[in-house]
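The sequence shown begins at 1 in full-length UniProt numbering and counts up one residue at a time.
Glycine included, every Cβ here is placed at the ideal spot set by N, Cα and C.
Presented below is the structure to which this report refers.
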Amino acid sequence: MRYTQVDDWLRWMETQHPRNIDLGLERIALVAKQLDIALEMPVITVAGTNGKGSCVALLSAILGVQGYRVGAYTSPHLNQYHERIAIGDSYVDDASLCHAFAAVDQARGETSLTYFEFGTLAALLIFQQQAVDVAVLEVGLGGRLDAVNIIDADIAIVSSIAIDHEAWLGNDREVIGREKAGIFRANRPAIIGDLNPPTSLLAYASQVGALPVSRDKDFRLIDAEQGWAWQGLAANGEVLSYQNLPYPAVLIDNAATVLQAVQYIDLPVSEWAIRQGLSAVSVAGRCQHIQLEGIEVVLDVAHNPASVQALRDHLDARPVAGRTECLFAVMADKDIAEIIRIIQPCFAHWSLAPLLENERAAQPEQLQTVLLEQGIRQVTLASSFSESVNNALSRLSTGDRLVIFGSFFTVAAAMTEIADISQARIKTVGES
(Lines of atoms letter the chains of each structure in order from A; the text may use other names.)
(Lines give C-alpha, C1' and ligand atoms only; values in the text may rest on other atoms or scores of the structure.)
Protein backbone atom coordinates (compact mmCIF):
# COMPACT_ATOMS: atom_id res chain seq x y z
CA MET A 1 0.00 0.00 0.00
CA ARG A 2 1.41 3.35 -1.06
CA TYR A 3 0.04 5.21 2.02
CA THR A 4 -1.71 4.27 5.26
CA GLN A 5 -3.30 7.67 6.00
CA VAL A 6 -6.26 9.11 4.10
CA ASP A 7 -4.80 12.63 4.01
CA ASP A 8 -1.61 11.31 2.43
CA TRP A 9 -3.63 9.55 -0.26
CA LEU A 10 -5.64 12.68 -0.98
CA ARG A 11 -2.57 14.88 -1.31
CA TRP A 12 -1.01 12.36 -3.68
CA MET A 13 -4.22 11.96 -5.73
CA GLU A 14 -4.34 15.71 -6.33
CA THR A 15 -1.01 15.54 -8.17
CA GLN A 16 -1.55 12.47 -10.35
CA HIS A 17 -3.29 13.95 -13.38
CA PRO A 18 -2.28 17.03 -15.38
CA ARG A 19 -5.83 18.42 -15.27
CA ASN A 20 -8.09 18.71 -12.25
CA ILE A 21 -11.16 18.14 -14.44
CA ASP A 22 -10.81 15.88 -17.48
CA LEU A 23 -14.25 14.73 -18.58
CA GLY A 24 -14.38 11.39 -20.38
CA LEU A 25 -15.05 7.74 -19.59
CA GLU A 26 -12.27 5.88 -21.38
CA ARG A 27 -9.62 5.98 -18.65
CA ILE A 28 -11.90 5.32 -15.70
CA ALA A 29 -13.76 2.55 -17.55
CA LEU A 30 -10.47 0.81 -18.24
CA VAL A 31 -9.53 0.82 -14.55
CA ALA A 32 -13.05 -0.22 -13.49
CA LYS A 33 -12.70 -3.27 -15.74
CA GLN A 34 -9.41 -4.16 -14.08
CA LEU A 35 -11.14 -3.90 -10.70
CA ASP A 36 -14.03 -6.12 -11.88
CA ILE A 37 -16.53 -3.49 -10.75
CA ALA A 38 -20.03 -4.71 -11.54
CA LEU A 39 -22.71 -3.45 -9.18
CA GLU A 40 -25.45 -6.05 -8.78
CA MET A 41 -27.72 -3.93 -6.59
CA PRO A 42 -30.19 -1.30 -7.91
CA VAL A 43 -28.35 1.88 -8.90
CA ILE A 44 -29.88 5.36 -8.89
CA THR A 45 -27.84 8.10 -10.55
CA VAL A 46 -28.69 11.73 -9.80
CA ALA A 47 -27.74 14.65 -12.06
CA GLY A 48 -28.88 18.27 -12.03
CA THR A 49 -27.60 21.81 -11.66
CA ASN A 50 -29.13 22.13 -8.20
CA GLY A 51 -30.82 19.70 -5.85
CA LYS A 52 -28.60 16.66 -6.42
CA GLY A 53 -27.40 16.43 -2.83
CA SER A 54 -30.92 16.87 -1.48
CA CYS A 55 -32.22 14.09 -3.73
CA VAL A 56 -29.46 11.73 -2.59
CA ALA A 57 -30.15 12.55 1.07
CA LEU A 58 -33.89 11.97 0.63
CA LEU A 59 -33.36 8.66 -1.12
CA SER A 60 -30.96 7.55 1.60
CA ALA A 61 -33.36 8.61 4.35
CA ILE A 62 -36.46 6.93 2.89
CA LEU A 63 -34.72 3.70 1.92
CA GLY A 64 -32.82 3.65 5.20
CA VAL A 65 -36.04 3.88 7.20
CA GLN A 66 -37.34 0.95 5.18
CA GLY A 67 -34.35 -1.03 6.41
CA TYR A 68 -32.13 -1.07 3.33
CA ARG A 69 -28.38 -0.46 3.46
CA VAL A 70 -27.86 2.47 1.10
CA GLY A 71 -24.48 3.34 -0.34
CA ALA A 72 -24.44 7.06 -1.17
CA TYR A 73 -21.68 8.77 -3.15
CA THR A 74 -21.75 12.57 -3.17
CA SER A 75 -19.44 15.51 -3.79
CA PRO A 76 -17.93 17.83 -2.84
CA HIS A 77 -17.45 17.35 0.89
CA LEU A 78 -17.70 20.11 3.50
CA ASN A 79 -15.40 19.05 6.34
CA GLN A 80 -13.75 15.73 5.52
CA TYR A 81 -13.43 13.50 2.48
CA HIS A 82 -15.21 10.60 4.20
CA GLU A 83 -18.52 12.48 3.79
CA ARG A 84 -18.45 11.57 0.10
CA ILE A 85 -18.94 7.85 0.74
CA ALA A 86 -21.65 6.81 3.19
CA ILE A 87 -23.30 3.50 3.97
CA GLY A 88 -26.48 4.08 5.88
CA ASP A 89 -25.89 6.71 8.55
CA SER A 90 -22.13 6.16 8.68
CA TYR A 91 -19.32 7.61 6.62
CA VAL A 92 -16.66 5.26 5.29
CA ASP A 93 -13.87 4.55 7.78
CA ASP A 94 -10.18 5.28 7.25
CA ALA A 95 -9.14 1.66 6.73
CA SER A 96 -11.79 0.93 4.09
CA LEU A 97 -10.94 4.14 2.25
CA CYS A 98 -7.20 3.48 2.26
CA HIS A 99 -7.66 -0.11 1.07
CA ALA A 100 -9.97 1.06 -1.73
CA PHE A 101 -7.50 3.74 -2.82
CA ALA A 102 -4.72 1.14 -2.81
CA ALA A 103 -6.78 -1.25 -4.93
CA VAL A 104 -7.51 1.49 -7.47
CA ASP A 105 -3.85 2.48 -7.52
CA GLN A 106 -2.75 -1.09 -8.19
CA ALA A 107 -5.40 -1.69 -10.87
CA ARG A 108 -4.73 1.49 -12.83
CA GLY A 109 -1.21 0.55 -13.91
CA GLU A 110 0.04 3.42 -16.06
CA THR A 111 -3.44 4.95 -16.47
CA SER A 112 -3.67 8.47 -15.05
CA LEU A 113 -6.80 9.34 -13.06
CA THR A 114 -8.17 12.62 -11.74
CA TYR A 115 -8.88 13.13 -8.03
CA PHE A 116 -12.61 12.68 -8.71
CA GLU A 117 -12.15 9.57 -10.85
CA PHE A 118 -9.96 8.00 -8.19
CA GLY A 119 -12.58 8.68 -5.53
CA THR A 120 -15.44 7.45 -7.70
CA LEU A 121 -13.76 4.10 -8.30
CA ALA A 122 -13.03 3.79 -4.58
CA ALA A 123 -16.70 4.43 -3.76
CA LEU A 124 -17.94 1.90 -6.31
CA LEU A 125 -15.50 -0.70 -5.03
CA ILE A 126 -16.57 -0.13 -1.42
CA PHE A 127 -20.25 -0.44 -2.31
CA GLN A 128 -19.55 -3.66 -4.18
CA GLN A 129 -17.47 -5.14 -1.36
CA GLN A 130 -20.02 -4.10 1.26
CA ALA A 131 -22.89 -5.49 -0.85
CA VAL A 132 -25.17 -2.53 -0.17
CA ASP A 133 -28.85 -2.96 -1.03
CA VAL A 134 -29.03 0.21 -3.15
CA ALA A 135 -26.32 2.48 -4.57
CA VAL A 136 -27.13 6.17 -5.04
CA LEU A 137 -24.57 8.04 -7.14
CA GLU A 138 -24.40 11.82 -7.46
CA VAL A 139 -22.97 13.14 -10.72
CA GLY A 140 -20.01 15.42 -10.14
CA LEU A 141 -20.26 17.55 -13.29
CA GLY A 142 -22.68 17.27 -16.19
CA GLY A 143 -23.58 13.64 -16.69
CA ARG A 144 -22.68 12.21 -20.09
CA LEU A 145 -18.92 12.25 -19.48
CA ASP A 146 -18.95 12.20 -15.67
CA ALA A 147 -17.10 9.39 -13.90
CA VAL A 148 -20.22 7.88 -12.29
CA ASN A 149 -21.70 7.34 -15.75
CA ILE A 150 -19.55 4.24 -16.26
CA ILE A 151 -22.34 2.54 -14.30
CA ASP A 152 -25.66 1.95 -16.05
CA ALA A 153 -28.30 3.45 -13.78
CA ASP A 154 -31.48 1.50 -13.15
CA ILE A 155 -33.15 4.83 -12.39
CA ALA A 156 -31.82 8.19 -13.58
CA ILE A 157 -32.85 11.48 -11.98
CA VAL A 158 -32.31 14.97 -13.36
CA SER A 159 -33.37 17.31 -10.56
CA SER A 160 -33.06 20.66 -12.35
CA ILE A 161 -31.29 22.39 -15.21
CA ALA A 162 -29.82 25.88 -14.97
CA ILE A 163 -26.72 27.75 -16.09
CA ASP A 164 -23.55 26.84 -14.19
CA HIS A 165 -20.06 25.52 -14.98
CA GLU A 166 -20.31 27.12 -18.42
CA ALA A 167 -16.66 26.43 -19.26
CA TRP A 168 -17.36 22.70 -19.12
CA LEU A 169 -21.04 22.30 -19.94
CA GLY A 170 -21.93 25.20 -22.23
CA ASN A 171 -23.83 28.41 -21.64
CA ASP A 172 -27.41 27.55 -22.53
CA ARG A 173 -29.95 25.12 -21.10
CA GLU A 174 -30.27 23.09 -24.29
CA VAL A 175 -26.57 22.23 -24.34
CA ILE A 176 -26.52 21.59 -20.59
CA GLY A 177 -29.67 19.47 -20.82
CA ARG A 178 -28.08 17.22 -23.40
CA GLU A 179 -25.07 16.68 -21.15
CA LYS A 180 -27.20 15.76 -18.16
CA ALA A 181 -29.42 13.45 -20.23
CA GLY A 182 -26.34 11.33 -20.86
CA ILE A 183 -27.13 9.32 -17.71
CA PHE A 184 -30.36 7.98 -19.27
CA ARG A 185 -30.48 4.34 -20.35
CA ALA A 186 -32.74 2.35 -22.67
CA ASN A 187 -35.95 0.99 -21.14
CA ARG A 188 -35.16 2.49 -17.75
CA PRO A 189 -36.96 5.32 -15.93
CA ALA A 190 -35.64 8.85 -16.41
CA ILE A 191 -37.18 11.02 -13.69
CA ILE A 192 -37.20 14.69 -14.73
CA GLY A 193 -37.77 17.16 -11.91
CA ASP A 194 -37.35 20.35 -13.93
CA LEU A 195 -40.66 22.09 -14.64
CA ASN A 196 -39.47 23.27 -18.05
CA PRO A 197 -36.99 20.67 -19.30
CA PRO A 198 -34.95 21.56 -22.38
CA THR A 199 -36.00 19.96 -25.64
CA SER A 200 -32.57 18.35 -25.83
CA LEU A 201 -33.20 16.39 -22.63
CA LEU A 202 -36.44 14.89 -23.88
CA ALA A 203 -35.01 14.30 -27.34
CA TYR A 204 -32.12 12.30 -25.94
CA ALA A 205 -34.48 10.25 -23.78
CA SER A 206 -36.41 9.37 -26.93
CA GLN A 207 -33.23 8.70 -28.90
CA VAL A 208 -31.89 6.11 -26.45
CA GLY A 209 -35.29 4.62 -25.60
CA ALA A 210 -35.37 5.76 -21.98
CA LEU A 211 -38.70 6.02 -20.15
CA PRO A 212 -39.15 9.72 -19.26
CA VAL A 213 -41.31 10.55 -16.24
CA SER A 214 -41.79 14.31 -16.02
CA ARG A 215 -42.81 16.80 -13.34
CA ASP A 216 -46.32 18.23 -13.83
CA LYS A 217 -47.01 15.73 -16.59
CA ASP A 218 -46.60 12.41 -14.81
CA PHE A 219 -46.13 13.54 -11.21
CA ARG A 220 -46.90 16.73 -9.31
CA LEU A 221 -47.02 18.30 -5.87
CA ILE A 222 -49.64 20.47 -4.21
CA ASP A 223 -48.36 22.82 -1.53
CA ALA A 224 -50.70 23.62 1.36
CA GLU A 225 -50.51 25.17 4.82
CA GLN A 226 -51.11 21.88 6.64
CA GLY A 227 -48.66 19.78 4.66
CA TRP A 228 -48.28 18.97 1.01
CA ALA A 229 -49.65 16.35 -1.32
CA TRP A 230 -48.02 14.30 -4.07
CA GLN A 231 -49.52 12.51 -7.02
CA GLY A 232 -47.61 10.35 -9.45
CA LEU A 233 -47.26 6.99 -11.12
CA ALA A 234 -46.63 3.55 -9.72
CA ALA A 235 -44.24 1.33 -11.64
CA ASN A 236 -47.22 -0.38 -13.28
CA GLY A 237 -48.56 2.95 -14.54
CA GLU A 238 -51.36 3.30 -12.02
CA VAL A 239 -51.95 6.73 -10.48
CA LEU A 240 -51.23 6.98 -6.76
CA SER A 241 -51.10 9.83 -4.27
CA TYR A 242 -49.98 10.76 -0.77
CA GLN A 243 -51.81 13.39 1.27
CA ASN A 244 -50.69 15.64 4.15
CA LEU A 245 -47.01 14.83 3.80
CA PRO A 246 -44.56 16.31 6.32
CA TYR A 247 -42.33 19.10 5.06
CA PRO A 248 -38.73 17.92 4.76
CA ALA A 249 -35.70 20.07 5.54
CA VAL A 250 -35.09 20.42 1.79
CA LEU A 251 -37.09 21.87 -1.10
CA ILE A 252 -40.31 19.95 -1.66
CA ASP A 253 -39.61 20.17 -5.41
CA ASN A 254 -36.74 17.74 -4.86
CA ALA A 255 -38.86 15.65 -2.52
CA ALA A 256 -41.54 15.30 -5.21
CA THR A 257 -38.93 14.10 -7.69
CA VAL A 258 -37.57 11.56 -5.23
CA LEU A 259 -41.02 10.24 -4.39
CA GLN A 260 -41.52 9.46 -8.06
CA ALA A 261 -38.14 7.75 -8.31
CA VAL A 262 -38.92 5.59 -5.27
CA GLN A 263 -41.88 4.07 -7.11
CA TYR A 264 -39.54 2.49 -9.66
CA ILE A 265 -37.06 0.90 -7.24
CA ASP A 266 -37.28 -2.86 -7.54
CA LEU A 267 -37.68 -3.15 -3.78
CA PRO A 268 -40.76 -2.63 -1.60
CA VAL A 269 -41.00 0.84 -0.03
CA SER A 270 -43.93 1.64 2.25
CA GLU A 271 -45.80 4.91 2.62
CA TRP A 272 -44.74 4.86 6.27
CA ALA A 273 -41.06 4.81 5.24
CA ILE A 274 -41.67 7.70 2.85
CA ARG A 275 -43.27 9.81 5.59
CA GLN A 276 -40.62 8.93 8.15
CA GLY A 277 -37.83 9.60 5.66
CA LEU A 278 -39.24 13.00 4.76
CA SER A 279 -39.36 13.94 8.44
CA ALA A 280 -35.86 12.65 9.17
CA VAL A 281 -33.84 13.97 6.23
CA SER A 282 -31.20 16.62 6.74
CA VAL A 283 -28.56 18.00 4.40
CA ALA A 284 -25.65 19.96 5.80
CA GLY A 285 -25.20 23.34 4.17
CA ARG A 286 -28.55 23.44 2.40
CA CYS A 287 -30.80 25.97 4.13
CA GLN A 288 -29.29 24.69 7.36
CA HIS A 289 -30.45 26.61 10.43
CA ILE A 290 -28.29 26.96 13.55
CA GLN A 291 -29.14 28.89 16.72
CA LEU A 292 -26.18 30.77 18.19
CA GLU A 293 -27.15 32.57 21.41
CA GLY A 294 -30.46 33.77 20.01
CA ILE A 295 -29.12 34.61 16.55
CA GLU A 296 -30.38 32.43 13.72
CA VAL A 297 -27.53 31.43 11.40
CA VAL A 298 -28.50 30.02 8.00
CA LEU A 299 -25.86 28.14 5.99
CA ASP A 300 -26.40 27.53 2.29
CA VAL A 301 -24.02 26.49 -0.47
CA ALA A 302 -26.07 28.37 -3.11
CA HIS A 303 -23.63 29.55 -5.77
CA ASN A 304 -25.57 30.14 -8.98
CA PRO A 305 -28.64 32.26 -9.78
CA ALA A 306 -31.11 29.37 -9.64
CA SER A 307 -29.96 28.13 -6.25
CA VAL A 308 -29.78 31.68 -4.89
CA GLN A 309 -33.38 32.25 -6.00
CA ALA A 310 -34.34 29.13 -4.04
CA LEU A 311 -32.50 30.51 -1.00
CA ARG A 312 -34.33 33.81 -1.32
CA ASP A 313 -37.68 32.01 -1.53
CA HIS A 314 -36.74 30.09 1.61
CA LEU A 315 -35.84 33.27 3.51
CA ASP A 316 -38.92 35.15 2.31
CA ALA A 317 -41.13 32.33 3.57
CA ARG A 318 -39.48 32.41 7.00
CA PRO A 319 -39.21 36.02 8.21
CA VAL A 320 -37.55 36.82 11.53
CA ALA A 321 -38.45 39.46 14.08
CA GLY A 322 -35.13 41.27 13.78
CA ARG A 323 -32.80 42.22 10.95
CA THR A 324 -31.22 39.88 8.43
CA GLU A 325 -27.62 40.30 7.31
CA CYS A 326 -25.40 38.11 5.16
CA LEU A 327 -21.84 36.92 4.93
CA PHE A 328 -20.90 36.28 1.31
CA ALA A 329 -17.96 34.58 -0.38
CA VAL A 330 -18.15 33.11 -3.87
CA MET A 331 -15.98 31.81 -6.68
CA ALA A 332 -14.86 34.44 -9.20
CA ASP A 333 -16.21 32.50 -12.20
CA LYS A 334 -19.84 32.66 -11.02
CA ASP A 335 -22.48 35.14 -12.20
CA ILE A 336 -21.88 37.40 -9.22
CA ALA A 337 -23.92 40.37 -10.44
CA GLU A 338 -27.01 38.24 -11.02
CA ILE A 339 -26.61 36.44 -7.70
CA ILE A 340 -26.51 39.78 -5.88
CA ARG A 341 -29.40 41.20 -7.89
CA ILE A 342 -31.63 38.27 -6.96
CA ILE A 343 -31.03 38.19 -3.23
CA GLN A 344 -30.03 41.74 -2.26
CA PRO A 345 -33.54 42.73 -1.01
CA CYS A 346 -33.17 40.16 1.78
CA PHE A 347 -30.21 41.79 3.53
CA ALA A 348 -29.67 44.96 5.56
CA HIS A 349 -25.89 44.54 5.52
CA TRP A 350 -23.28 42.54 3.59
CA SER A 351 -20.12 41.10 5.15
CA LEU A 352 -17.60 40.12 2.48
CA ALA A 353 -15.27 37.36 3.59
CA PRO A 354 -11.99 36.27 1.97
CA LEU A 355 -11.27 32.61 1.26
CA LEU A 356 -7.53 33.07 1.51
CA GLU A 357 -6.42 29.57 0.48
CA ASN A 358 -8.74 29.29 -2.50
CA GLU A 359 -7.34 30.61 -5.77
CA ARG A 360 -10.76 30.52 -7.45
CA ALA A 361 -12.44 32.74 -4.88
CA ALA A 362 -13.46 36.30 -5.71
CA GLN A 363 -11.69 38.91 -3.61
CA PRO A 364 -13.89 40.93 -1.22
CA GLU A 365 -12.90 44.11 -3.09
CA GLN A 366 -14.28 42.61 -6.32
CA LEU A 367 -17.55 41.79 -4.61
CA GLN A 368 -17.76 45.27 -3.10
CA THR A 369 -17.42 46.79 -6.57
CA VAL A 370 -20.39 44.77 -7.83
CA LEU A 371 -22.44 45.69 -4.77
CA LEU A 372 -21.68 49.39 -5.24
CA GLU A 373 -22.71 49.15 -8.89
CA GLN A 374 -26.10 47.93 -7.67
CA GLY A 375 -26.38 50.75 -5.14
CA ILE A 376 -25.57 48.64 -2.07
CA ARG A 377 -23.36 50.51 0.39
CA GLN A 378 -23.96 48.74 3.69
CA VAL A 379 -20.86 46.61 3.26
CA THR A 380 -18.03 45.48 5.54
CA LEU A 381 -14.78 43.87 4.39
CA ALA A 382 -12.49 41.78 6.58
CA SER A 383 -8.95 40.48 6.34
CA SER A 384 -9.88 36.92 7.33
CA PHE A 385 -12.92 34.67 7.34
CA SER A 386 -12.82 34.44 11.11
CA GLU A 387 -12.82 38.21 11.44
CA SER A 388 -15.75 38.48 9.05
CA VAL A 389 -17.86 35.98 11.02
CA ASN A 390 -17.09 37.59 14.36
CA ASN A 391 -17.74 41.11 13.06
CA ALA A 392 -21.08 40.05 11.60
CA LEU A 393 -22.21 38.32 14.79
CA SER A 394 -21.14 41.32 16.90
CA ARG A 395 -23.61 43.53 15.01
CA LEU A 396 -26.52 41.18 15.63
CA SER A 397 -28.58 40.31 18.67
CA THR A 398 -31.40 38.02 19.73
CA GLY A 399 -34.05 37.73 17.02
CA ASP A 400 -31.67 38.66 14.19
CA ARG A 401 -30.48 36.40 11.38
CA LEU A 402 -27.15 35.89 9.61
CA VAL A 403 -27.17 34.12 6.24
CA ILE A 404 -23.82 32.68 5.15
CA PHE A 405 -23.76 31.59 1.51
CA GLY A 406 -21.92 31.54 -1.80
CA SER A 407 -20.11 28.20 -2.15
CA PHE A 408 -19.28 24.90 -0.50
CA PHE A 409 -16.00 26.47 0.58
CA THR A 410 -17.87 29.32 2.26
CA VAL A 411 -20.11 27.00 4.24
CA ALA A 412 -17.23 24.70 5.19
CA ALA A 413 -15.26 27.67 6.55
CA ALA A 414 -18.34 28.94 8.37
CA MET A 415 -18.94 25.57 10.02
CA THR A 416 -15.40 25.58 11.36
CA GLU A 417 -15.73 29.12 12.71
CA ILE A 418 -19.13 28.49 14.29
CA ALA A 419 -17.84 25.33 15.95
CA ASP A 420 -14.87 27.27 17.34
CA ILE A 421 -17.10 30.10 18.57
CA SER A 422 -19.56 27.68 20.19
CA GLN A 423 -16.77 25.75 21.89
CA ALA A 424 -15.13 28.93 23.15
CA ARG A 425 -18.39 30.21 24.61
CA ILE A 426 -19.16 26.86 26.23
CA LYS A 427 -15.69 26.86 27.79
CA THR A 428 -16.13 30.43 29.03
CA VAL A 429 -19.45 29.57 30.66
CA GLY A 430 -17.91 26.50 32.29
CA GLU A 431 -15.05 28.53 33.73
CA SER A 432 -17.23 31.26 35.21
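- Item | Rounded C-alpha distance that separates residue 331 from residue 240 | For this step, residue 331 is matched to residue 331 along the sequence shown. For this step, residue 240 is matched to residue 240 along the sequence shown. Spanning the alpha carbons of residue 331 and residue 240 requires a straight line of approximately 43 Å.
- Task: Within 10 angstroms of the Cβ of residue 19, are there 16 or more other Cβ atoms? Answer buried if so, exposed if not.
- Result: Sequence index remark: in the sequence shown, residue 19 carries index 19 (1-based). Of the other Cβ atoms in all chains shown, fewer than 16 fall within 10 Å of the Cβ of residue 19; this residue is therefore exposed.
- Message: Judging by CA-CA distance, which residue of 90, 65 and 102 is the nearest neighbour of residue 73?
- Response: Residue 73 sits at position 73 when you count from the first residue of the sequence shown. In terms of CA proximity to residue 73, 90 leads the group 90, 65 and 102.
- Query: Should residue 159 be labelled buried (16 or more other beta-carbon atoms within 10 Å of its own) or exposed?
  - Reply: Reading the sequence shown from its first residue, position 159 is the one you call residue 159. By the 10 Å Cβ count, residue 159 comes out buried.
- Item | Counterpart residues of residue 347 in DSSP-defined beta bridges | Indexing the sequence shown from 1 puts residue 347 at position 347. According to DSSP, residue pairing for residue 347 in a beta bridge does not occur.
- Ordered along the chain, which non-local residues of its own chain (more than five positions away) have a Cβ less than 6 Å from that of residue 200? One-based indexing of the sequence shown puts residue 200 at position 200. Within its own chain, the residues whose Cβ lies closer than 6 Å to the Cβ of residue 200, once the five positions on either side in sequence are excluded, are 174, 177 and 178, listed in chain order.
- If we ignore side chains and look at the alpha-carbon of each, how far apart do residue 283 and residue 9 end up? Residue 283 sits at position 283 when you count from the first residue of the sequence shown. Residue 9 sits at position 9 when you count from the first residue of the sequence shown. For residue 283 and residue 9, the distance between alpha carbons rounds to 27 Å.
- Message: Between residue 139 and residue 47, how many whole angstroms is the CB-CB distance? I'm expecting something under 8 Å.
- Response: Translated into positions along the sequence shown, residue 139 becomes position 139. Translated into positions along the sequence shown, residue 47 becomes position 47. Yes, residue 139 and residue 47 are in contact; Cβ-Cβ is about 4 Å, under 8 Å.
- Message: Using only the alpha-carbon positions, how far apart do residue 133 and residue 114 sit?
- Response: Residue numbering aside, residue 133 sits at position 133 when the sequence shown is read from its first letter. Residue numbering aside, residue 114 sits at position 114 when the sequence shown is read from its first letter. Between the C-alpha atoms of residue 133 and residue 114 there is a straight-line separation of about 28 Å.
- Cβ-Cβ separation, residue 4 to residue 306 (assumed contact under 8 Å), whole Å: Translated into positions along the sequence shown, residue 306 becomes position 306. Translated into positions along the sequence shown, residue 4 becomes position 4. Here residue 306 is actually not in contact with residue 4; their C-beta atoms are around 42 Å apart, not less than 8 Å.
- Which residues in the same chain have their Cβ closer than 7 Å to the Cβ of residue 344, if we skip the five residues on either side of it in sequence? Here residue 344 corresponds to residue number 344 of the sequence shown, with the count starting at 1. Apart from sequence neighbours up to five positions away, the residues of its chain that approach residue 344 with a beta-carbon distance below 7 Å are 374 and 376, ordered along the chain.
- Counted within 10 angstroms of its Cβ, other Cβ atoms place residue 196 as buried (16 or more) or exposed: Numbered from its first residue, the sequence shown carries residue 196 at position 196. Flag for residue 196 reads exposed.
- Task: Name the one or two DSSP bridge partners that residue 240 has.
- Result: On the sequence shown, residue 240 is found 240 positions in, with the first residue counted as 1. Residue 240 is bridged to 232.
- Task: Note down the Cα distance separating residue 70 from residue 357, rounded to an integer number of angstroms.
- Result: Translated into positions along the sequence shown, residue 70 becomes position 70. Translated into positions along the sequence shown, residue 357 becomes position 357. Their backbone Cα atoms lie some 35 Å apart in a straight line.
- Around the C-beta of residue 189, are 16 or more other C-beta atoms found within 10 angstroms, so that it is buried, or is it exposed? On the sequence shown, position 189 is the one that residue 189 refers to. Under this definition residue 189 is a buried residue.
- Message: Whether or not the region 406-419 and the region 315-332 are in contact is what I'm after, with contact meaning three or more pairs of Cβ atoms, one per stretch, closer than 8 Å; do they touch?
- Response: At 8 Å Cβ cutoff, the stretches touch.
- Query: In angstroms, rounded to a whole number, what distance separates the CA positions of residue 153 and residue 211?
  - Reply: Position 153 of the sequence shown, counting from 1, holds the residue named residue 153. Position 211 of the sequence shown, counting from 1, holds the residue named residue 211. Rounded to the nearest angstrom, the gap between the Cα atoms of residue 153 and residue 211 is 12 Å.
- Query: If you follow the beta strand (DSSP E) that residue 40 is part of, which residue opens it and which one closes it?
  - Reply: Taking the sequence shown and counting its residues from 1, the one referred to as residue 40 is at position 40. For residue 40, there is no enclosing beta strand (DSSP E), since its DSSP letter is neither H nor E.
- Just list the beta strand (DSSP E) runs in the UniProt domain "Mur ligase C-terminal" (285-408), keeping only unbroken ones of 3 residues or longer that don't cross its boundaries, in chain order. Those beta strand (DSSP E) runs which fall completely within the UniProt domain "Mur ligase C-terminal" (285-408) and span 3+ residues are 288-292, 295-300, 324-328, 350-352, 379-381 and 401-405.
- Message: Looking at the secondary structure, which residues open and close the alpha helix (DSSP H) in which residue 264 lies?
- Response: Along the sequence shown, read from residue 1 onward, the residue named residue 264 stands at position 264. First-last for residue 264: undefined, no H or E at that position.
- Rounded to whole angstroms, what's the CA-CA distance from residue 130 to residue 342? Just pull it up for me. For the purposes of this step, residue 130 is taken as the residue at position 130 of the sequence shown. For the purposes of this step, residue 342 is taken as the residue at position 342 of the sequence shown. In this structure, the straight-line span from the alpha carbon of residue 130 to that of residue 342 is close to 45 Å.
- Message: So the candidates are 298, 249 and 220; which of them puts its Cα closest to the Cα of residue 261?
- Response: Locating residue 261 in the sequence shown gives position 261, counting from the first residue. The option with the nearest alpha carbon to residue 261 is 220.
- Task: Can you grab the Cα-Cα spacing for the pair residue 217 / residue 157, in whole Å?
- Result: For the purposes of this step, residue 217 is taken as residue 217 along the sequence shown, with counting starting at 1. For the purposes of this step, residue 157 is taken as residue 157 along the sequence shown, with counting starting at 1. Distance from the CA of residue 217 to the CA of residue 157, rounded to the nearest whole angstrom, comes to 15 Å.
- Assuming residue 412 contacts residue 79 under a Cβ cut-off of 8 Å, what Cβ separation, rounded to an integer in Å, is found between them? By 1-based counting over the sequence shown, the position of residue 412 is 412. By 1-based counting over the sequence shown, the position of residue 79 is 79. Taking C-beta atoms under 8 Å as the contact rule, residue 412 and residue 79 qualify, at a distance of about 6 Å.
- Message: Quick check on the DSSP output: the beta strand (DSSP E) that includes residue 223 runs from which residue to which?
- Response: The residue labelled residue 223 in the question sits at position 223 within the sequence shown. Note, residue 223: beta strand (DSSP E), 220-224.
- Query: How about residue 116 and residue 147: are their beta carbons less than 8 Å apart?
  - Reply: Translated into the one-based positions of the sequence shown, residue 116 becomes position 116. Translated into the one-based positions of the sequence shown, residue 147 becomes position 147. Yes, the Cβ-Cβ distance between residue 116 and residue 147 is below 8 Å.
- Are there 16 or more other CB atoms within 10 angstroms of the CB of residue 13, so buried, or fewer, so exposed? As a first step, residue 13 must be located in the sequence shown, where it is residue number 13. Taking all protein chains shown into account, residue 13 has 16 or more neighbouring C-beta atoms within 10 Å of its C-beta and is therefore buried.
- Message: I need the DSSP call for residue 60, collapsed to helix, strand or coil.
- Response: Numbered from its first residue, the sequence shown carries residue 60 at position 60. In the three-state reduction of the DSSP assignment, residue 60 falls in the helix class.
- Among residues of its own chain, excluding the 5 on either side of residue 381, which ones have a beta-carbon nearer than 6 Å to its beta-carbon? Sequence index remark: in the sequence shown, residue 381 carries index 381 (1-based). Within the same chain, and ignoring the five residues on either side of residue 381 in sequence, the residues whose Cβ sits closer than 6 Å to its Cβ are 352 and 364.
- One or two residues paired with residue 115 in a DSSP bridge: Here residue 115 corresponds to residue number 115 of the sequence shown, with the count starting at 1. In the DSSP output, where bridge partners are listed per residue, residue 115 has none listed.
- Query: What is the DSSP secondary structure of residue 72, reduced to helix, strand or coil?
  - Reply: In the sequence shown, residue 72 corresponds to position 72, counting from 1. Residue state, collapsed to three classes: strand.
- Cβ-based burial, residue 124 [other Cβ within 10 Å; buried from 16]: Indexing the sequence shown from 1 puts residue 124 at position 124. The residue in question, residue 124, is buried, as its Cβ has 16 or more Cβ neighbours within 10 Å.
- Message: Which residue wins for smallest C-alpha separation from residue 102, given the options 1, 333 and 287?
- Response: Within the sequence shown, numbered from 1, the residue matching residue 102 stands at position 102. The shortest C-alpha separation from residue 102 is found at 1.
- Buried/exposed call for residue 68, threshold 16 Cβ in 10 Å: By one-based count along the sequence shown, residue 68 stands at place 68. With a threshold of 16 other beta carbon atoms within 10 Å, residue 68 meets it and is buried.
- Let me know the secondary structure DSSP gives residue 84 once reduced to three states. By one-based count along the sequence shown, residue 84 stands at place 84. Residue 84 falls in the helix class under three-state DSSP.
- State the DSSP-derived secondary structure class of residue 214, mapped to helix, strand or coil. Your numbering for residue 214 matches position 214 in the sequence shown. The answer is strand: DSSP assigns residue 214 an E or B state.
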